[in-house]
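Just so you know, the UniProt record's numbering puts 546 at position 546 of the sequence shown, and the rest follows in order with no gaps.
Built from N, CA and C at the ideal position, the CB exists for glycine as well.
Notes follow once the structure below has been shown.
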Amino acid sequence: MNGFDTAWLPPEAFGPLGARRTLIRGSGPLVGTVRDEVARACERFGGEVVRDGSYDLLLEVTDGGLGAEEFTCAREGGTTTVTASNGHGLLYGLFHVVRLGAQAFTGGWPREVHRPATELRMLDHWDNVAVHPVMGQVERGYAGGSLFWREGRAREDFARVRAYGRLLAACGINAVCVNNVNVHAVEARLLTDRIGEVAAIADVLRPYGVRTHLAVTFAAPVVLGGLSTADPLEPAVREWWAAAARTVYAAVPDFGGFVVKADSEGQPGPFTYGRSHADGANMLAAALAPHGGTVHWRAFVYDHRQDWRDRTTDRARAAYDHFAPLDGEFAAGAVLQVKHGPMDFQVREPVSPVLGAMPRTRLAVEVQATQEYTGQQRHVCWLGPMWSEVLGFRPEGESGPSVGELARELVAVSNAGDDPFWTGHPLAQANLYTFGRLAWRPDADPYRVLDEWIGLTFPSAPARLVEGLHAVLDGSWRTYEKYTAPLGVGFMVQSGHHYGPSVDGYEYSPWGTYHFADRDGIGVDRSAATGTGYAAQYAEPWSGVYESAGTCPDELLLFFHHVPYGHVLSSGRTVIQHIYDTRFDGVAEAEKARRVWAGLVDLVEPAWHARVAERFEEQVRGAREWRDQVNSYFLRKSGVPDAHGRLIH
Ligand code: GCV
Numbered sequence: 001m002n003g004f005d006t007a008w009l010p011p012e013a014f015g016p017l018g019a020r021r022t023l024i025r026g027s028g029p030l031v032g033t034v035r036d037e038v039a040r041a042c043e044r045f046g047g048e049v050v051r052d053g054s055y056d057l058l059l060e061v062t063d064g065g066l067g068a069e070e071f072t073c074a075r076e077g078g079t080t081t082v083t084a085s086n087g088h089g090l091l092y093g094l095f096h097v098v099r100l101g102a103q104a105f106t107g108g109w110p111r112e113v114h115r116p117a118t119e120l121r122m123l124d125h126w127d128n129v130a131v132h133p134v135m136g137q138v139e140r141g142y143a144g145g146s147l148f149w150r151e152g153r154a155r156e157d158f159a160r161v162r163a164y165g166r167l168l169a170a171c172g173i174n175a176v177c178v179n180n181v182n183v184h185a186v187e188a189r190l191l192t193d194r195i196g197e198v199a200a201i202a203d204v205l206r207p208y209g210v211r212t213h214l215a216v217t218f219a220a221p222v223v224l225g226g227l228s229t230a231d232p233l234e235p236a237v238r239e240w241w242a243a244a245a246r247t248v249y250a251a252v253p254d255f256g257g258f259v260v261k262a263d264s265e266g267q268p269g270p271f272t273y274g275r276s277h278a279d280g281a282n283m284l285a286a287a288l289a290p291h292g293g294t295v296h297w298r299a300f301v302y303d304h305r306q307d308w309r310d311r312t313t314d315r316a317r318a319a320y321d322h323f324a325p326l327d328g329e330f331a332a333g334a335v336l337q338v339k340h341g342p343m344d345f346q347v348r349e350p351v352s353p354v355l356g357a358m359p360r361t362r363l364a365v366e367v368q369a370t371q372e373y374t375g376q377q378r379h380v381c382w383l384g385p386m387w388s389e390v391l392g393f394r395p396e397g398e399s400g401p402s403v404g405e406l407a408r409e410l411v412a413v414s415n416a417g418d419d420p421f422w423t424g425h426p427l428a429q430a431n432l433y434t435f436g437r438l439a440w441r442p443d444a445d446p447y448r449v450l451d452e453w454i455g456l457t458f459p460s461a462p463a464r465l466v467e468g469l470h471a472v473l474d475g476s477w478r479t480y481e482k483y484t485a486p487l488g489v490g491f492m493v494q495s496g497h498h499y500g501p502s503v504d505g506y507e508y509s510p511w512g513t514y515h516f517a518d519r520d521g522i523g524v525d526r527s528a529a530t531g532t533g534y535a536a537q538y539a540e541p542w543s544g545v546y547e548s549a550g551t552c553p554d555e556l557l558l559f560f561h562h563v564p565y566g567h568v569l570s571s572g573r574t575v576i577q578h579i580y581d582t583r584f585d586g587v588a589e590a591e592k593a594r595r596v597w598a599g600l601v602d603l604v605e606p607a608w609h610a611r612v613a614e615r616f617e618e619q620v621r622g623a624r625e626w627r628d629q630v631n632s633y634f635l636r637k638s639g640v641p642d643a644h645g646r647l648i649h
């Protein structure tokens with residue numbers, strides 16, 4: 001197992017394999033971090049930090065006209081040179097060298113400039129300070145307790161937070177929100193009398209270039225300030241927030257800003273006062289603006305008390321209906337944080353139409369690294385290919401910009417906790433790393449990013465291990481999709497905790513998540529012609545593509561259309577046969593991945609290998625359960641037998 005403070009630090013970059021003599025020039029707090037990191041690597045692997053004389057690695061702060069997080073890297077005459085205009089860029093440059101390993105000290109190459117494509121690359125922690133009676137300490141957390149909070153307050157020992165800071169810097173993440181967007185009573189006070197605890201965390205993350213953000217409750221002026229209202233247009237409320245922001249910045253001078261979940265799943269918001277979400281967000285942006293902070297205002301707003309009998313309300317429409325009309329009304333310091341799909345982090349959803357509909361709004365795309373609906377870190381499910389598809393989607397078709405180009409920021413719900421392996425399932429570390437690297441460069445090839453993670457995690461991995469890891473991870477998202485809910489229909493999970501199959505688990509619930517399966521067919525009609533009209537929220541060509549069952553991509557068919565079981569997909573199979581076949585295939589693929597992993601036992605550190613092996617037992621059990629429940633349900637509903645006569649119960 002990697003030590004906490006040396007994870008993703010393989011021996012190839014320093015010592016006999018890499019830099020023997022490193023010269024570091026420049027000053028400033030993050031340059032200190034670079035010095036510490038290099039010193040630690042040399043202590044571990046060999047090599048030394050020198051003050052003069054010859055060197056084969058130069059890390060230098062120069063006045064080269066580079067932006068804040070940028071760096072250059074070149075190799076000439078046996079010396080590798082990294083330059084940046086400040087310590088933050090230099091730190092990223094150092095981690096670039098670490099990623100390259102021995103390759104950073106081989107041959108020569110001209111100066112390359114590296115810069116992030118997005119301004120903010122953030123992890124949202126859904127961590128509660130106090131253990132919540134239903135959600136536990138980390139809402140939808142599958143990696144142990146919180147990294148930040150323990151026994152009702154900030155941890156006393158921050159060694160693990162420091163190690164986390166360096167992991168974040170190693171993959172390019174520059175912001176975290178340290179508490180749950182569902183802000184309970186104790187956590188609300190982090191904004192005011194408990195800000196000191198936030199400041200202590202910020203002090204530990206700052207040397208790694210990570211700014212701290214805080215989730216706040218919209219009702220704070222009432223619940224903390226004793227005001228009678230939280231109306232965003234009320235002067236006393238605005239002054240309360242301005243004063244709160246001043247207190248926060250006095251404690252955390254580089255505080256990033258607030259994250260707000262308003263009018264969503266029971267959280268308070270501006271609707272109570274007949275105000276718009278732009279009114280709410282702009283009030284907070286105004287309070288933060290004098291200090292350089294921003295508010296991340298979430299677009300996850302929908303009616304969670306829907307009557308399942310009501311076919312006119314469509315949860316998928318909600319974010320667009322609420323927010324698209326507000327385009328252009330948000331202040332410069334307000335970022336609209338939009339979930340990548342219109343529903344809720346399902347294994348397959350179309351890309352949210354909001355992302356193509358708000359050109360005059362600063363947008364952040366939110367993905368879920370924590371695997372709430374993708375196996376809860378008990379199943380291996382590497383999400384790189386899914387995120388890459390989302391970021392590569394072009395809302396206006398081929399000639400228009402991609403989501404990765406439209407979004408100025410990327411946010412993931414964190415999958416890390418105080419688990420010894422960081423992420424519960426050790427292979428879920430790949431999701432953390434991949435998110436950071438895709439946030440840095442949304443058009444990066446996710447499979448090359450996976451290679452980087454493999455190189456950092458398994459130093460000098462022999463080809464058999466690299467191939468084995470790719471075999472287990474590359475297709476794992478599609479494998480998971482195959483044995484769970486079919487063709488974009490989503491939500492066939494057990495209610496509440498969302499783990500394991502329950503085909504009708506949400507069918508008659510108030511949450512707006514239905515599949516409408518009956519004896520004849522399945523799916524939600526979201527066409528404009530006969531359904532909820534959701535398909536029309538897209539621009540052309542997508543509105544046309546999704547409108548017709550004939551042109552809708554197979555994998556989203558049941559998201560957009562209600563079709564008979566005998567409907568023939570573009571794959572040539574009927575919907576019902578697709579359901580049966582893919583459930584069987586998904587289980588076979590999970591079983592194969594388990595075998596591949598077992599065959600790597602001689603190449604992986606025993607505790608690491610054992611943890612993954614144990615998770616594979618559960619994954620295979622779970623996949624079979626999914627297969628059998630889903631197939632039996634649809635055989636019983638449709639009465640259509642499997643064309644291949646396999647066992648369905
Ligand atoms: C933090 C889903 C999850 C909730 C989560 C919510 C959100 O509904 O199940 O646990 O709340 O998304 O994104 O706010």
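Proximity to residue i [Cα-Cα], best of the options
i: glycine 226; options: Ala215, Leu233, Trp241; result: Trp241
i: proline 353; options: Arg627, Arg636, Ser543; result: Ser543
i: residue 650; options: Phe458, Glu187, Glu139; result: With the chain running from 1 to 649 in the structure shown, residue 650 is simply not present.
i: glycine 28; options: Ser54, Gly87, Glu70, Leu17; result: Gly87
i: histidine 277; options: Phe323, His296, Arg309, Glu265; result: Phe323
i: glycine 77; options: Ser502, Ala357, Trp109, Val563; result: Trp109
i: lysine 637; options: Arg20, Ala334, Val503, Tyr208; result: Val503
i: valine 49; options: Gly18, Glu70, Asp63, Leu66; result: Gly18
i: alanine 535; options: Phe45, Ala41, Tyr320, Pro235; result: Tyr320
i: alanine 485; options: Ala610, Thr582, Val365; result: Thr582
i: leucine 557; options: Ala539, Glu540, Val390, Ile579; result: Ile579
i: tryptophan 387; options: Ala416, Pro395, Asn431, Leu355; result: Asn431
i: proline 235; options: Asp279, Ala262, Ser570, Ala199; result: Asp279
i: tyrosine 142; options: Pro426, Ser476, Trp511; result: Pro426
Residue i, buried or exposed, once every other Cβ within 10 Å from all chains shown has been counted against 16
i: arginine 646; result: exposed
i: histidine 649; result: exposed
i: residue 656; result: The first residue shown for the chain is 1 and the last is 649, placing residue 656 beyond what the model contains.
i: valine 472; result: buried
i: tyrosine 633; result: buried
i: tyrosine 508; result: exposed
i: glycine 455; result: buried
i: serine 85; result: buried
i: threonine 551; result: exposed
i: serine 228; result: exposed
i: residue 650; result: Residue 650 is absent from the model: the chain starts at 1 and stops at 649.
i: glutamine 337; result: buried
i: serine 54; result: exposed
i: glutamate 112; result: exposed
i: proline 16; result: exposed
i: proline 270; result: buried
i: arginine 621; result: exposed
i: alanine 185; result: exposed
Assumed close pair residue i, residue j - CB separation to whole angstroms, cut-off 8 Å
i: glutamate 139; j: tryptophan 149; result: About 12 Å separates the two Cβ atoms, so there is no contact after all.
i: alanine 331; j: histidine 291; result: Alanine 331 to histidine 291, Cβ: 14 Å. No contact.
i: arginine 215; j: asparagine 179; result: Correcting the residue identity first, residue 215 is alanine in this sequence and not arginine. 5 Å between Cβ atoms; contact.
i: threonine 118; j: arginine 305; result: The pair is not a contact, with the Cβ atoms about 35 Å apart (cut-off 8 Å).
i: proline 253; j: alanine 219; result: Not really, about 27 Å apart at Cβ, beyond 8 Å.
i: residue 655; j: tyrosine 302; result: Examination of residue 655 is not possible in this model, given that the chain is present from 1 through 649 alone.
Three-state secondary structure (DSSP) of residue i
i: asparagine 431; result: helix
i: residue 675; result: Lying outside 1 to 649, the shown extent of the chain, residue 675 is not represented and no answer is given.
i: proline 325; result: helix
i: cysteine 73; result: strand
i: proline 270; result: helix
i: glutamate 614; result: helix
i: threonine 61; result: Before going further, note that residue 61 is valine rather than threonine in the sequence given. The answer is strand: DSSP assigns valine 61 an E or B state.
i: methionine 386; result: helix
i: lysine 637; result: helix
i: phenylalanine 158; result: coil
i: glutamate 409; result: strand
i: glycine 257; result: strand
i: glutamine 577; result: helix
i: histidine 96; result: helix
i: asparagine 128; result: strand
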